[in-house]
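For the sequence shown, counting from 1, position 288 maps to 288 in UniProt numbering; every step adds exactly one. Where a beta carbon is used, it is the ideal one built from N, C-alpha and C, also for glycine. Notes for the one structure printed next.
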Amino acid sequence: MLSTPLKVKFVKINGVPLLNIRLFLYSVAFVHQIVTAVATLTIDMSKDEDPMIRNYMHVRWKLITCWFNMILLVYFPLCLYCDWCERKDEEPPQVQKLRVLRDVVMTSILMPITTFSDVTFWMLFRSYSSIIAPDRVWEYLPRWAQHSLHTISLVAVVVDLVITPRRRPDSMKTGLAVMFGFSIVYCLMVYVNLLFGMPVYAFLATASDVLLVGVFIIFHLILITSYYAQWHLIDYIWAPKETVSRNKVYVNLLFGMPVYAFLATASDVLLVGVFIIFHLILITSYYAQWHLIDYIWAPKETVSRNKLVKNN
Numbered sequence: 001m002l003s004t005p006l007k008v009k010f011v012k013i014n015g016v017p018l019l020n021i022r023l024f025l026y027s028v029a030f031v032h033q034i035v036t037a038v039a040t041l042t043i044d045m046s047k048d049e050d051p052m053i054r055n056y057m058h059v060r061w062k063l064i065t066c067w068f069n070m071i072l073l074v075y076f077p078l079c080l081y082c083d084w085c086e087r088k089d090e091e092p093p094q095v096q097k098l099r100v101l102r103d104v105v106m107t108s109i110l111m112p113i114t115t116f117s118d119v120t121f122w123m124l125f126r127s128y129s130s131i132i133a134p135d136r137v138w139e140y141l142p143r144w145a146q147h148s149l150h151t152i153s154l155v156a157v158v159v160d161l162v163i164t165p166r167r168r169p170d171s172m173k174t175g176l177a178v179m180f181g182f183s184i185v186y187c188l189m190v191y192v193n194l195l196f197g198m199p200v201y202a203f204l205a206t207a208s209d210v211l212l213v214g215v216f217i218i219f220h221l222i223l224i225t226s227y228y229a230q231w232h233l234i235d236y237i238w239a240p241k242e243t244v245s246r247n248k249v250y251v252n253l254l255f256g257m258p259v260y261a262f263l264a265t266a267s268d269v270l271l272v273g274v275f276i277i278f279h280l281i282l283i284t285s286y287y288a289q290w291h292l293i294d295y296i297w298a299p300k301e302t303v304s305r306n307k308l309v310k311n312n
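Right, dumping it as structure tokens:
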């Protein structure tokens, strides 16, 4: 079952109402999302000499990056509406249902999908960018757009988890069902396009059946891991302290000397979740930094993502 969303009307951080902080952050995120969408979706590749580049005009709407960023474009104004209504003494009757919808969209779709997409993108982009898209596509996209689409999006999702109070549902079945429903619909779309000779991702054109199954399994394993990990982060921030069970942990904690205070009451599952999130952020940061370094210091001919020989 889905839990009832919590409210923050009277919660303050250093004297500033959390509701005001959220309204500000959601407004900035929404404006950023609009600017990014306009800047990237209006890029015209239709006159390029390479048919693969021209075809990318249609393929880009099928990319998982496009899907979750379009959802964010709707999610942020939904959050603004719910928070604005919370400021009032009387709320419209539909607001409570919209809050439930907001929480489901974030925890079952945006958090798992964005984590997978952004981390995978930065792992592949530096050395294997052709797996994501034809090399010359990167010449059309402004460099800041890569961070807007694949870095800021993950930051926005994590910030939302931190500043929005949620309560762990009694059962994870509904949330997992929504997540699997979304992921399977997306995978079916990609597979159907592949059957009709229109691979959404370049590597799929030559992928064996075994590789396709492997990618499908890894994709869902990462989604499941992200889904459960987020709830341990949410519990640590928003759950009543008495609901957090005491447990022995590792290294210094085994000797009764936790390095961080929360480890003294952390469960083994929470430790695993923190470990995974910590390393996902490290991986994303590691690959993103090289993109920035290349942009500043690399010779121009090596910065270009174009690896094709120009036509004579």
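Under the DSSP assignment, residue 182 falls in the alpha helix (DSSP H) whose first and last residues are 173-195. If you look at residue 51, you'll find it in the alpha helix (DSSP H) that goes 51-59. Residue environment analysis places residue 94 among the exposed positions, since fewer than 16 neighbouring C-beta atoms fall within 10 angstroms of its C-beta.
Proximity of the stretch 141-152 to the stretch 169-182 falls short of the contact definition, fewer than three beta-carbon pairs being nearer than 8 Å. In this structure, the beta-carbon distance from residue 191 to residue 223 does not fall below 9 Å. The bridge partners DSSP lists for residue 17 are 12. Using a Cβ-Cβ distance cut-off of 8 Å, the stretch 118-138 and the stretch 19-31 are not in contact, since fewer than three pairs of beta carbons, one from each stretch, lie closer than that value. A residue is called buried once 16 or more other Cβ atoms fall within 10 Å of its Cβ, and residue 171, having fewer, is exposed. When the Cα atoms are used, residue 187 and residue 63 turn out to be separated by approximately 11 Å.
Taking all protein chains shown into account, residue 72 has 16 or more neighbouring C-beta atoms within 10 Å of its C-beta and is therefore buried. Per the coordinates, the alpha-carbon of residue 81 lies some 13 Å from the alpha-carbon of residue 100.
The shortest CA-to-CA distance from residue 136 to any of 231, 52 and 287 is the one to 52. Measuring C-alpha to C-alpha distances from residue 32 to each of 59, 162 and 77 identifies 77 as the nearest.
The residue among 138, 125 and 57 with its C-alpha nearest the C-alpha of residue 286 is 125. C-alpha of residue 294 to C-alpha of residue 176: approximately 39 Å in a straight line. In the structure shown, the three-state DSSP call for residue 112 is helix. Assigned with DSSP and collapsed to three states, residue 70 falls in helix.
Inclusion of residue 277 and residue 233 in the CB contact set at 9 Å is warranted, their separation being smaller than that value.
For residue 43, no alpha helix (DSSP H) run applies, since DSSP gives it neither H nor E.
Under the three-state reduction of DSSP, residue 289 is assigned to helix. Within the model, the alpha-carbon separation for residue 159 versus residue 201 is close to 30 Å. Here residue 148 is actually not in contact with residue 138; their C-beta atoms are around 15 Å apart, not less than 8 Å. No Cβ-Cβ contact shorter than 9 Å links residue 151 with residue 39. Of 196, 275, 91 and 199, the smallest CA-CA separation from residue 226 is found for 275.
Here residue 65 has 117 and 149 as same chain residues with Cβ atoms under 6 Å from its own Cβ, once five neighbours each way along the sequence are excluded.
For secondary structure counted as the alpha helix (DSSP H) over 4 or more consecutive residues, the stretch 119-145 holds these complete runs in sequence order: 137-140.
In this structure, the straight-line span from the alpha carbon of residue 163 to that of residue 156 is close to 11 Å. When the Cα atoms are used, residue 74 and residue 298 turn out to be separated by approximately 38 Å. Distance from the CA of residue 283 to the CA of residue 89, rounded to the nearest whole angstrom, comes to 45 Å. Between the C-alpha atoms of residue 26 and residue 87 there is a straight-line separation of about 15 Å.
At the C-beta level, residue 55 and residue 189 stay beyond 9 Å of one another. Cβ neighbours of residue 45 within its own chain (closer than 7 Å, five residues either side excluded): 53, 54, 56, 57 and 140.
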